[in-house]
Amino acid sequence: MAPHADAATPAANGVGNGSPAEPTNTFIVNSPNVVYTEAEIRSKYTYRTTSVETDDRGNFVATPKETPYEFKVERKVPKVGMMLVGWGGNNGTTVTAGIIANRHKLAWETKEGPREANYYGSVIMGSTLKLGTDAKTAREINIPFHNILPMVHPNDLVIGGWDISGMNLAKAMDRAQVLEPTLKAQVKKEMSEMVPLRSIYYPDFIAANQEDRADNVLEGTKASMAHVEQLRSDIREFKSSNGLDKVIVMWTANTERYADIIAGVNDTADNLLKAIEQGHEEVSPSTVFAVASILEQTPFINGSPQNTFVPGAIELAERHNAFIGGDDFKSGQTKMKSALVDFLINAGIKLTSIASYNHLGNNDGKNLSSQKQFRSKEISKSNVVDDMVEANSVLYKKGEHPDHCVVIKYMPAVADNKRALDEYYAEIFMGGHQTIS
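Position one of the sequence shown corresponds to residue 4 (the numbering used here), numbered consecutively onward.
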């Protein structure tokens, strides 16, 4: 990863810190399959898998299969911008304040004592990877994940975005009630100069209780090509005015209701574009953002559980060779559930029921208190176990699944301090039972 540069004066929409520094390598690979040039790293990799067929007697016939790939990585770290949809929300304000705090190496007082800016919780910045073993001592050598390849440092990201609320980010940070006052005081001036771009607001897709926030929106309450073109223009302007090489758009806004998949509307790329042009009511804001990003050749990441990537959006991305990904951040209870269910089923323990309860008091919880938006989250939390259950035909017959209940309640008093309670009930050896809670 490149060492990060010093901070510079922010723009109203697009806060950055100057040009990225030149990359530094912490290791090289001594292999005929890896070639280093001044501009790039090229590597050859053979992906090995197994192709399985069924013979006339019903037996499986496994045949090893090899697919060669060649990867190319640029050694020069580009100047990257990240545009957040929902920039003024809890996620957007917290990550922006966190980047500023890290950039300036801030420290602040809390009731538990002093704290310093860090990137705990980041896979890239907070984890390590085994590189190999020391040739002399056989000791394991582990390096930071961010040193594997040239990567942009979070401190070098230029941040901007959209929000249906026109509140500047300092006020939005206060509204979020996430960070300590002693930290907020140090980033307040810089964040007060950051104002989100106008976003799109289709009331049918998010809870009615969000209407009082919607004071910074583009004209029109249904999808339109005018919205797509405005978002494309915003991306181009952000990239140009900040001198960026690349831009990433990330949805961190409210969870939407599921969009119905309708033949002739969102089932193909052409039908989706036509549906947007005609203002069809089943085209969601997140899909419009995805389409705008695809047409601008800008990567789009979806951090919420709705079905943003309808078949037409996927086909459009394939047509333009554009990157799209994500169907919820899954950073809390859902991630824990994925890990625990994987462990239990692979240990031969038959889960028969999973009960998940959550309560939270932030705006995410307020939006999820609406049944349609909750349903999107419920599907995301429930589907996470499906592949693991389907893969184990020893424990589960075809079509058999554990009972699975998900409850999310809005409790304003707990604010952003989400609570999650789970119970896992399983059948074990000789009819015994096990409860984990």
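Beta carbons are placed, not taken as given, at the ideal position from N, Cα and C, and that holds for glycine.
For Met85, the enclosing beta strand (DSSP E) stretches over residues Val83 to Val88. Under DSSP, the beta-bridge partners assigned to His436 are Glu430. Exclusion of the five residues before and after Tyr122 leaves Gly101, Asn105, Met128, Gly129 and Pro157 as the residues of its chain whose Cβ lies within less than 8 angstroms of its Cβ. For Pro147, the enclosing beta strand (DSSP E) covers residues Glu143 to Pro147.
By alpha-carbon distance to Gln213, the top candidate from Ile439, Glu69, Leu134 and Ser168 is Ser168. Beta-bridge pairing by DSSP links Thr290 to no other residue. Of the other Cβ atoms in all chains shown, 16 or more fall within 10 Å of the Cβ of Tyr204; this residue is therefore buried.
Assigned with DSSP and collapsed to three states, Phe241 falls in helix. A distance below 7 angstroms separates the beta carbons of Trp111 and Thr185. With a threshold of 16 other beta carbon atoms within 10 Å, Asp215 falls short and is exposed. Taking the CA atoms as reference points, Asn386 sits about 20 angstroms from Ile327. Look at Ala418 here: in three-state DSSP terms it is coil, with no helix or strand label.
Counted as a single uninterrupted DSSP element, the stretch harbouring Ile317 is not any beta strand (DSSP E) but the alpha helix (DSSP H) occupying residues Pro314 to Arg322. Per DSSP, Glu393 lies in no beta strand (DSSP E); the unbroken alpha helix (DSSP H) holding it starts and ends at Asp389 to Ala394.
Secondary-structure assignment with DSSP links Ile327 through a beta bridge to Phe303.
Comparing alpha-carbon positions, the option among Val155, Met176 and Ser34 lying closest to Thr97 turns out to be Met176. Nearest C-alpha to Leu109 among Gly282, Leu275, Val190 and Asn395: Val190. Rounded to the nearest whole angstrom, the CA to CA distance from Lys114 to Glu196 is 29 angstroms. If you compare the alpha carbons of Ala141, Leu234 and Val76 with that of Trp165, the shortest gap goes to Leu234. Taken through DSSP and simplified to helix, strand or coil, Ser341 comes out as helix.
With 16 or more other CB atoms across the displayed protein chains lying within 10 angstroms of its CB, Ile162 is buried.
The segment 395-403 makes no contact with the segment 311-328, as fewer than three CB pairs between them are under 8 angstroms. Using a Cβ distance threshold of 7 angstroms, Ile251 and Pro308 do not count as a contacting pair. Considered as a whole, the segment 91-148 harbours 93-106 and 126-129 as its complete alpha helix (DSSP H) runs of no fewer than 4 residues, in chain order.
For the pair Thr49 and Pro67, the CB atoms are not nearer than the 7 angstroms cut-off. Separation of His362 and Asn420 (C-alpha to C-alpha, rounded to the nearest whole angstrom) is 9 angstroms.
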